[in-house]
Structure formats: structure tokens, C-alpha cells
Amino acid sequence: MAAPSDSLVTVDPDGDLVLLLSPIPFGSFTSDESSIFETQIDPPATSIFGTPPATLFIAKTIGIPDEKLNSTQLYRYHLLVSAKHMSLASPVFKAVLAGGFRETVELREKGRTEVALPDDDADAMTILIDVIHGRFKLVSKTLNLGTLTRMSILVDKYQCHESVDFLRNVWTANFQTHRWSRNWYNTACWICVAWVFELDAEFKEATESVIRDSNTGIAVMLKRHKLDLPIKKLSVDEMRLNTINQAIQILSDMISNYQGSTLMCPTTSAPASMSQSDSTTIGPSLSHVARFSDSVSIASHRQDCDSMVLGSLIKSATSKGQFPLPQAPLYNSLSFYTIKSKLEALGVMTGCNMVLQDTSYHHDIRRQLRLGVTIIDADISGLNLADFKKAPGST
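Under our numbering, think of the first position of the sequence shown as 1161, with each following residue one higher.
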């Protein structure tokens, strides 16, 4: 971009619209720069025509609070563009330049006007303007993910999807093999890009990653990185929280079952193999059978077995931070992937293990836990972009 001393960038020599980009923080420019900008900017908040500036319209459209607007703000870059090109490409600019705003009157009466864009990234906006004005030789075919994300935000903001549609495959091809992995900032960026440029497979893959692996959720993720798009954030996060709840419920149900009055230990009698005296028989020896049969009744043993399962399950869950059971407000710091890994690693001891000294009597408890979370994992799916956009509501 041009330096402040040469801040006017001519995109269209016959242009009639000056776009103001990159506001300069007060006190950060020299007196010489100040005098230069003062000759280029019309300071009044309202003109002699008594109409408000279009900046207010754009601000209201995208939700910028009034206190952030300052009519005396100086801008580092001024781009001379065609109002007609901008209006044809963007219904937002069309509303600004054809509505009842100061800029509309100035354009009609003076043949030229200015529109301040204080929140737009200058580099991304310059690329977008070059595309709109057909200056394709100046448009890079390889954008990094950050620039592509800022481009997608501007395309969505100014509703100029058609103007850049033919470039979306060129710009996104660079990210087909190494796009975002488990870097959540990159994932948030890619969700924005996929949303705006309607990349269904990529959007589905990225949202599935959030649902399965994220410990924050998309709403926090986008807000943290100031990526504000009309994505149905709550729908994505509801699916994420639901999978977490299902995983926790598996452990909760298992604990409840062993806390209940119904005996869970399946042992009803000594296994048939235990009545054999062949020393080569695989399994507990006759001495173990005697310990089992003589020391306690079957019913009493089953109660003891359940108690041992319950105690070892709770102890193991406690050591892995899964007991007391996580409650809903804490879900925002959890991920399904983490919970799944911890549930699969839980250690459980049964009374039958201890009395019979045979680890084969584990009653498939760990297998049930693993199977439960595996089924949930297999059912996780990202969001279909077309259905997602058609659904009512945007957050």
C-alpha cells in the first residue's frame, strides 16, 4: 500500500468514489501527515445537505456502536474507485450510493464523494476492489489463510459473492492438503471461508472437528478471534455439547446401575470349568472354587462384586477428573475426544477378579464403556452447509 504522503491509490482514473481505509490512531501521525489528510477529508458528521453519512448506514448494518464512529478520523489510505462498479457488485454499496445519505447527494451534486470504511482490512479490501474493477493481473492467486479469511468477511459484509465466485477455487486450492489441522484459530478461519464461499465438504469437515475435538465451541472460537459471521454458532455448539453429554451419560448410567438395588454381577454359580480337576485346565483351580463356594454365598458375593466395581469405577473416574460427574456449565472447557479417551482408559476391578484370581472375570465393563463412546464417536458428523443455511435463524 502507498505511504501516507502518497495515500491516494487510483484504481479507476475516472472514479468518483474515494474509499477511506486504515484509520490512524490519534496522536500517531506527524504534523505534516495531519495537514495532508486534513485537505483530503470532509470532517463534518453531516453535510450542508443535512443528510447523515453512509458510514452510519454501514455501521448500523453490521452492528458497529455509534461511539466507535468519529467524523474527524484521519485515514491512511484513500482508494479512488468507480461508484458504478461498487454498486453493481455490492447491494450494500448500492444502498449507500443510491439512498438518502450525504454521499448520495454529494455524488449527484459534486460528482465525487467519500465513504469511510474504518473496520475493513486495507489489504483484503484492495484485493476485493481490484477484482470488482477487473484488475485481475494485480490479484494474487495464492492467499494465506488469514488474508483469505478477511476476504471472506468482506465478501459476506458487502454481499458481493458473485464477483469473486470464479476465484474461490483458485484461492482455496492451496489449503486442500494442509489447511488447519488442530489449530483452532485456523479452524475458525476455515469455517468462515467455507461458509462464505460455500465449500460444503470443507465446512462439514471443519464443523465435525469442532464438535468432536474442540474444548471451547465455535461461538467462543469466533468471538475470540473477532471473526463475526452470521453462522448458526449455537447449532454447532449444541451438537458439540450433546455429544459430550452423551459420553458423560454413559459413565453416569454405569455408576447408577451399580448403585441400584439390582445386582449387576452375572455370577450365579461356579463356572463349569471350575469343577474340573485337570491341572491343565485353563482357569481357576479347585482351591479357588473352594474359596468362592465356602467363604460367601453367591448372593453375598454378587453384592460384594458390585461394590468393588462401583468403588474402583468411581476411584478411577476421580483420578481422571471425571468424577464427580462434570455438569453442564463445565462442558465449555471439555471436549468429546478428551472424555472419550478418559472413559476408555478407566480401570475397573470386579469381586470375581479378586476372589477367583482370574482377570477373565471382568464382566465386560470396560468393553461396554468403550463400545458406548465408540458408537457416539461414529455418529458424529459435521454440518451440511446447504441445510445449515436454509434453517431459520442465524445464531
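Just so it is clear, CB atoms sit at the ideal spot from N, CA and C, and this is done for glycine as well.
Asked	Found
Quick one: Cα of residue 1251 to Cα of residue 1402, how far?	39 Å
Alpha carbons only, please: which of 1240, 1358, 1425, 1306 is nearest the one belonging to residue 1544?	1358
Using a Cβ-Cβ cutoff of less than 7 Å, which residues in the same chain neighbour residue 1209 once the five nearest sequence positions on both sides are dropped?	Any reading at residue 1209 needs caution, since the residue's pLDDT is 33, under 50, leaving its predicted position unreliable; the model's value is listed next. 1262, 1265.
Does the ligand ADP have even one heavy atom less than 6 Å from the beta-carbon of residue 1349?	Because no ligand of any kind appears in the structure shown, any question about the ligand ADP cannot be addressed here.
In the DSSP output, what is residue 1276 paired with across the bridge?	1180
For residue 1170, report the span of its beta strand (DSSP E) as first-last.	1168-1170
Can you give the Cα-Cα distance for residue 1177 and residue 1289, rounded to whole angstroms?	12 Å
In terms of alpha-carbon separation, which member of 1296, 1279, 1293 lies closest to residue 1310?	1279
Note down the Cα distance separating residue 1391 from residue 1349, rounded to an integer number of angstroms.	12 Å
Is the Cβ-Cβ distance between residue 1175 and residue 1257 less than 7 Å?	no
Would you mind listing the alpha helix (DSSP H) stretches within the stretch 1491-1555 that are 4+ residues and don't spill past its ends, in chain order?	1496-1504, 1511-1516, 1525-1539, 1545-1550
Tell me where the beta strand (DSSP E) around residue 1239 begins and ends.	1235-1241
Counting C-beta neighbours from all protein chains within 10 Å, is the total for residue 1471 16 or more, i.e. buried, or is it exposed?	exposed
Since residue 1414 and residue 1494 are thought to touch, with beta carbons under 8 Å apart, how far apart are those beta carbons, to the nearest angstrom?	The pair is not a contact, with the Cβ atoms about 18 Å apart (cut-off 8 Å).
With burial defined as no fewer than 16 other Cβ atoms inside 10 Å of the residue's Cβ, what is the status of residue 1516: buried or exposed?	buried
Have a look at 1381, 1282, 1343 and flag the residue whose alpha-carbon is nearest the alpha-carbon of residue 1314.	1282
How about residue 1529 and residue 1503: are their beta carbons less than 7 Å apart?	yes
Run through DSSP, which three-state label would residue 1295 get?	coil
With DSSP collapsed to three states, give me the class of residue 1335.	helix
Using a 10 Å radius around the Cβ and a threshold of 16 neighbouring Cβ atoms, would you call residue 1513 buried or exposed?	buried
Just the Cα atoms here: how many angstroms apart are residue 1245 and residue 1312?	19 Å
Do residue 1303 and residue 1352 have their C-beta atoms closer together than 7 Å?	no
In angstroms, rounded to a whole number, what distance separates the CA positions of residue 1509 and residue 1522?	7 Å
Check each candidate in 1345, 1330, 1235 and name the one with the smallest Cα separation from residue 1379.	1345
Classify residue 1471 as helix, strand or coil using the three-state DSSP reduction.	helix
Sorted by chain position, which residues of the same chain lie with C-beta nearer than 8 Å to residue 1319's C-beta, five sequence neighbours on each side aside?	1250, 1251, 1252
List in chain order: all unbroken alpha helix (DSSP H) runs of 4+ residues lying wholly within the stretch 1324-1399.	1328-1332, 1344-1357, 1360-1373, 1378-1384
Note down the Cα distance separating residue 1412 from residue 1363, rounded to an integer number of angstroms.	33 Å
Report the residue from 1271, 1298, 1284, 1547 whose alpha carbon sits nearest the alpha carbon of residue 1395.	1547
Using the beta-carbon count (16 or more within 10 Å), is residue 1377 buried or exposed?	buried
Whose CA, out of 1542, 1331, 1538, 1507, lies closest to the CA of residue 1397?	1542
Taking its Cβ as the centre, do 16 or more other Cβ atoms sit within 10 Å of residue 1296, making it buried, or is it exposed?	exposed
Using the rule of at least 16 other Cβ atoms within 10 Å of the residue's Cβ for burial, across every protein chain shown, is residue 1330 buried or exposed?	exposed
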